[in-house]
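S.K.:
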Amino acid sequence: MVIPAIILFLPAYYLIQSVWAKFHRQYLNNICLIIISSHGMTTTIVMLLIHAPYREFLFGNSRFRINFGNERTNSVQVVQTIAVTRTRI
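Per this note's numbering, residue 58 is the first one in the sequence shown, and the count goes up by one each step.
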């Protein structure tokens, strides 16, 4: 819900307020419309990167490989120890 709030609601709120208050700044209107029109592209990129099945398909079928850390790696550490036994007398 954060992405739609930032990309859609805040610029739309500014545009509505500018019409209501008859306050017109063309560069702010252009910026708001650019932000609103980029909503589809932004949500698509976020969806491809966040959801694992889409990410695996996207990067699994490309030439380059990116490891996102979801794969488990097994490591073995060899430690040399000395066993000490105590006997009671």
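Using N, Cα and C, we set each Cβ at its ideal position, and we do this for glycine too.
Fair warning: this is a prediction, and the values are worked out from it, not measured in the lab.
Determine whether the beta carbon atoms of Leu106 and Asn86 lie at a separation below 8 Å.
M.R.: Along the sequence shown, one-based indexing puts residue 106 at 49. Along the sequence shown, one-based indexing puts residue 86 at 29. Not a contact, by the Cβ cut-off of 8 Å.
S.K.: Out of Ile60, Trp77, Pro110, which has the shortest C-alpha to C-alpha gap to Gly97?
M.R.: Working through the sequence shown from its first residue, we reach residue 97 at position 40. Gly97 has its Cα closest to that of Ile60, out of Ile60, Trp77, Pro110.
S.K.: Could you give the first and the last residue of the continuous alpha helix (DSSP H) run that contains His96?
M.R.: Position 39 of the sequence shown, counted from the first residue, corresponds to residue 96. First-last of the alpha helix (DSSP H) with His96: 96-107.
S.K.: Under the three-state reduction of DSSP, which class applies to Val172: helix, strand or coil?
M.R.: Within the shown structure, residues of the chain are numbered from 58 to 146, placing residue 172 beyond reach of any answer.
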